[in-house]
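A short write-up of the structure that comes next.
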Amino acid sequence: LDTLREEGEDVELEDVRKAGFGNTLCVESGGPEPGVGCAGRGIITSINLLEQLGAYSEELDYVFYDVLGDVVCGGFAM
Numbered sequence: 030l031d032t033l034r035e036e037g038e039d040v041e042l043e044d045v046r047k048a049g050f051g052n053t054l055c056v057e058s059g060g061p062e063p064g065v066g067c068a069g070r071g072i073i074t075s076i077n078l079l080e081q082l083g084a085y086s087e088e089l090d091y092v093f094y095d096v097l098g099d100v101v102c103g104g105f106a107m
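Just so we're aligned, residue 30 is where the sequence shown starts under our numbering, counting upward by one.
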C-alpha cells in the first residue's frame, strides 16, 4: 500500500512483487496507518491491485494469504 500511495496509478507488478527463496513470488501489502483506516479495506485493495496487475494470470502452484486475525472494523472475512 505504501508503493500505491507513493506511485499512484503508475504501479507495475515488478514494483510490488519480488522473488524470494526457491523463486517463490512474494508480496507484502502492509496496511493503513494505525488508527486511520481499516485493515480489511487495505487487504481488499491489495488483492484488487494484484488482480489488475495480472499477478494471478501466471501459472501459480499455490497462493497463500497471511492476513490479520484481529481486524477491529470487521471489514474482511474469509
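Glycine included, every Cβ here is placed at the ideal spot set by N, Cα and C.
Small disclaimer: the values here were computed from a predicted structure and weren't measured.
Expected contact under 8 Å - CB spacing of Gly83 and Leu42 to nearest Å
6 Å
Between which two residues does the beta strand (DSSP E) holding Val56 run?
54-56
Exercise. Cα separation between Met31 and Gly51?
Worked result: One detail in the question is off: residue 31 reads as Asp in this sequence, not Met. Taking the straight line joining both Cα atoms gives about 26 Å.
Problem set entry | Endpoints, alpha helix (DSSP H) assigned at Leu33 | 31-36
_Which residue marks the beginning of the beta strand (DSSP E) containing Ala84, and which one marks its end?_
Note, Ala84: premise wrong, no beta strand (DSSP E); not H, not E.
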